[in-house]
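Residue numbers (full-length UniProt numbering): 1 to 216.
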């Protein structure tokens with residue numbers, strides 16, 4: 001089974017299902033040339049701003065006792081928001097120690113909410129080590145939501161039974177066009193459907209080589 005990421009075109013195999021017939025839409029923001037979105041985690045839920053990383057297949061949050069390579073607060077930058085598994089009644093430890101893509105921490109599953117849609121038992125890493133140093137200057141961002149197709153467990157657990165096996169990213173203007181000091185809204189991220197404002201597109205239905213044409 002293939003998933004077609006419209007506009008950015010990423011193809012992801014799907015394995016697990018959490019719900020049926022849903023379309024999820026959430027706002028895209030930019031800060032310091034980074035795309036991010038807000039995701040709610042845990043019970044009671046806490047909001048986390050997560051970088052959208054097209055070259056990563058993992059979802060991670062900064063853990064409560066994470067060892068950063070910088071001292072907080074750094075310069076004018078405030079301390080990072082952190083995830084505490086003990087504060088969530090729906091959290092479950094899957095693996096005490098895990099290392100992926102240089103991120104080292106605890107493998108967790110917990111309830112998350114994207115937009116207004118709650119999702120249960122979504123896996124992610126509560127990161128203790130390996131948090132990239134450039135995050136010290138990304139004030140609102142406390143983790144990463146990977147969109148790469150390889151072994152992407154969190155997307156596998158979210159997308160299987162959506163209305164359509166599609167992720168649509170709509171971007172208005174340039175990512176680097178604003179948001180150097182405060183976060184700026186720049187578009188939307190849709191799981192399970194097409195954004196009606198997107199231009200016509202073409203795709204090659206393969207998980208390997210692909211190409212895309214956009215009609216202006």
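Positions of the beta carbon are idealized from the N, C-alpha and C atoms, including for glycine.
Taking a contact to require three or more Cβ pairs closer than 8 Å, the segment 79-94 and the segment 102-122 qualify as touching.
Comparing alpha carbon positions, the residue from 168, 22, 102 closest to residue 125 is 102. Runs of the beta strand (DSSP E) lying entirely within the segment 8-89 and spanning at least 3 residues, in chain order: 24-31, 34-41, 46-53, 59-62.
Per DSSP, reduced to three states, the secondary structure at residue 96 is strand. With fewer than 16 other Cβ atoms inside 10 Å of its own Cβ, residue 99 counts as exposed. When the five nearest sequence neighbours on each side are left out, the beta carbons in the same chain lying within less than 8 Å of the beta carbon of residue 60 are those of 103, 105, 124, 125, 126, 127, 143, 144, in order along the chain. With respect to the C-alpha of residue 165, the residue from 107, 185, 190 having the closest C-alpha is 190.
In this structure residue 93 is exposed. Its beta-carbon is surrounded by fewer than 16 other beta-carbon atoms within 10 angstroms. In this chain, the alpha helix (DSSP H) harbouring residue 157 covers 153-159. By a beta-carbon distance limit of 8 Å, residue 140 does not contact residue 63. Their separation comes to about 18 Å. Put simply, the backbone Cα of residue 188 is about 6 Å away from that of residue 26. In the DSSP annotation of this structure, the continuous segment of the beta strand (DSSP E) that includes residue 106 starts and ends at 103-114.
Burial check for residue 134: the Cβ neighbour count within 10 Å stays below 16, so the residue is exposed. Taking every protein chain shown into account, the CB of residue 150 has fewer than 16 other CB atoms within 10 angstroms, so this residue is exposed. Comparing alpha-carbon positions, the option among 107, 22, 53 lying closest to residue 132 turns out to be 53. Note: residue 185 is bridge-paired with 29 in the DSSP secondary-structure output. Ranked by how close their Cα comes to the Cα of residue 193, the residues 184, 185, 168 have 168 in first place.
In this model, residue 137 and residue 30 are separated by some 13 Å (Cα to Cα). Pairing residue 129 with residue 67 gives a Cβ-Cβ distance under 7 Å. By the C-beta density criterion, residue 37 is buried, having at least 16 other C-beta atoms within 10 angstroms.
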